[in-house]
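In the working numbering, the protein residues as written are 13 to 402.
Glycine included, every Cβ here is placed at the ideal spot set by N, Cα and C.
Small disclaimer: the values here were computed from a predicted structure and weren't measured.
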């Protein structure tokens with residue numbers, strides 16, 4: 013087990029009608045509050061009115077229009093609005109894109125330079141952030157309770173994730189599974205698969221050792237998604253299914269389950285980021301395409317861990333099989349699960365129109381320097397993986 017320090021100051025308010033606690037939670041914060049949201053679905057499903065009732069004593073600066081893959085230009089524009097309106101607190105109501113944006117805007121508003129600096133300089137972390145809180149309407153990213161955020165730059169075809177450091181944790185997260193009842197099956201599945209991908213990056217980490225506590229927690233999260241996602245799709249207003257998916261998403265990136273493990277190479281996330289930057293696909297849907305070929309490649313490097321995955325997550329009887337054969341059975345089971353919940357399995361399904369896209373994606377990923385050493389993956393391997401799912 014690697015040495016570690018654990019820190020997560022975000023207060024989690026989880027349960028039915030928890031949105032009603034926002035008014036009291038905001039008592040000790042400023043008067044000027046930016047209400048951040050996405051395309052407007054919260055106005056159709058009633059969430060907007062519930063939030064506004066909680067903000068009745070505040071000066072609300074309403075800012076909708078956050079894209080599914082928020083762009084750096086949008087973030088810059090909202091940062092400027094923050095400064096003009098002297099915003100003192102940001103409340104992000106939505107899924108991962110809105111919650112990520114709230115943190116980026118909050119950090120950028122108190123930074124003298126360009127917020128893009130944080131993404132181009134790996135070692136540069138925000139020193140401060142306007143107070144931010146979140147209301148979760150889509151389970152998947154876990155952004156409501158961590159310090160991470162992702163932005164897209166369409167001009168350079170870059171989508172970059174950042175660990176913002178200690179300054180970028182939300183003050184609190186309101187997590188009412190009922191707010192996800194109206195999320196359609198495709199978006200529900202996309203968010204849930206993002207949860208699985210987050211777990212994978214630590215579960216299969218290069219520096220992994222025998223850690224039964226962390227492994228057990230991570231396997232439980234994956235099993236929860238595998239059992240609860242079909243229930244949520246079949247019964248959209250099943251509270252327990254929605255609650256388990258929401259809590260699983262938080263555990264995947266809350267920090268505790270991966271303490272003492274290596275951080276892996278995050279290659280599948282990098283392979284996907286270029287997909288959503290180019291095709292503007294849902295992040296989890298893109299991950300459903302690239303995770304299987306990447307895991308097939310990695311299975312040969314650490315087959316014993318993939319056998320453990322097959323046996324403990326999918327409960328496959330691997331008697332008489334080599335570790336590699338057992339691990340590949342686990343990945344096949346994962347592919348079957350992806351198809352069963354209606355997620356895409358090919359680049360064509362998310363917007364690729366020509367096999368030349370395979371070369372572009374691999375070459376662009378290498379050009380951006382997004383694939384690091386340690387996995388034996390270079391241009392050749394990237395092309396092979398993308399081609400296998402064209």
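Residue range of the beta strand (DSSP E) that includes residue i
i: residue 170; result: 170–175
i: residue 23; result: 23–26
Per DSSP, the bridge partner or partners of residue i
i: residue 102; result: 46, 144
i: residue 75; result: 48
i: residue 165; result: 170
i: residue 160; result: 175
i: residue 83; result: 164
DSSP-derived helix/strand/coil call for residue i
i: residue 149; result: coil
i: residue 401; result: coil
i: residue 187; result: strand
i: residue 309; result: helix
i: residue 196; result: coil
i: residue 301; result: helix
i: residue 30; result: helix
i: residue 68; result: coil
i: residue 41; result: coil
i: residue 388; result: coil
i: residue 382; result: coil
i: residue 13; result: coil
Residue span of the alpha helix (DSSP H) that contains residue i, given as start and end
i: residue 324; result: 315–325
i: residue 181; result: No alpha helix (DSSP H) contains residue 181, which DSSP labels as neither H nor E.
i: residue 236; result: 224–246
i: residue 251; result: 251–265
i: residue 270; result: That residue, residue 270, is in no alpha helix (DSSP H); it is neither H nor E in DSSP.
i: residue 126; result: Taken as a continuous stretch (DSSP letters only), residue 126 belongs to no alpha helix (DSSP H), as it is neither H nor E.
i: residue 335; result: 335–352
i: residue 53; result: 53–56
i: residue 287; result: 279–291
Close-in-space but distant-in-sequence residues of the same chain around residue i (CB under 7 Å, 5 per side omitted)
i: residue 319; result: 330, 335, 338, 339
i: residue 177; result: 137, 138, 159
i: residue 362; result: 287, 291, 293, 297, 298, 301, 356
i: residue 197; result: 245, 354
i: residue 110; result: 48, 49, 50, 78, 104
Beta-carbon contacts of residue i that lie in its chain and below 8 Å, excluding the five residues immediately before and after
i: residue 203; result: 107, 108, 150, 151, 152, 153, 195, 257, 261, 296
i: residue 375; result: 391
i: residue 100; result: 41, 42, 43, 44, 45, 142, 143
i: residue 171; result: 81, 162, 163, 164, 165, 285, 286, 288, 289
Spatial neighbours of residue i in its chain, beta-carbon cut-off 6 Å, leaving aside the 5 residues before and after
i: residue 373; result: 286, 398
i: residue 283; result: 302
i: residue 148; result: 156, 187
i: residue 145; result: 103, 182, 183, 184
i: residue 16; result: 271, 272
i: residue 233; result: 211, 260, 263, 264
i: residue 72; result: 45, 47
Nearest-angstrom Cβ-Cβ length linking residue i and residue j, presumed shorter than 8 Å
i: residue 241; j: residue 353; result: 6 Å
i: residue 263; j: residue 229; result: 7 Å
i: residue 98; j: residue 75; result: Wrong, their Cβ atoms sit about 14 Å apart, outside the cutoff.
i: residue 321; j: residue 280; result: Not confirmed; about 15 Å, so no contact.
i: residue 308; j: residue 343; result: 6 Å
Contact test: residue i Cβ vs the ligand COA heavy atom, cutoff 7 Å
i: residue 204; result: Inclusion of the ligand COA in the displayed structure is not the case, the ligand content being empty and no account of it being possible.
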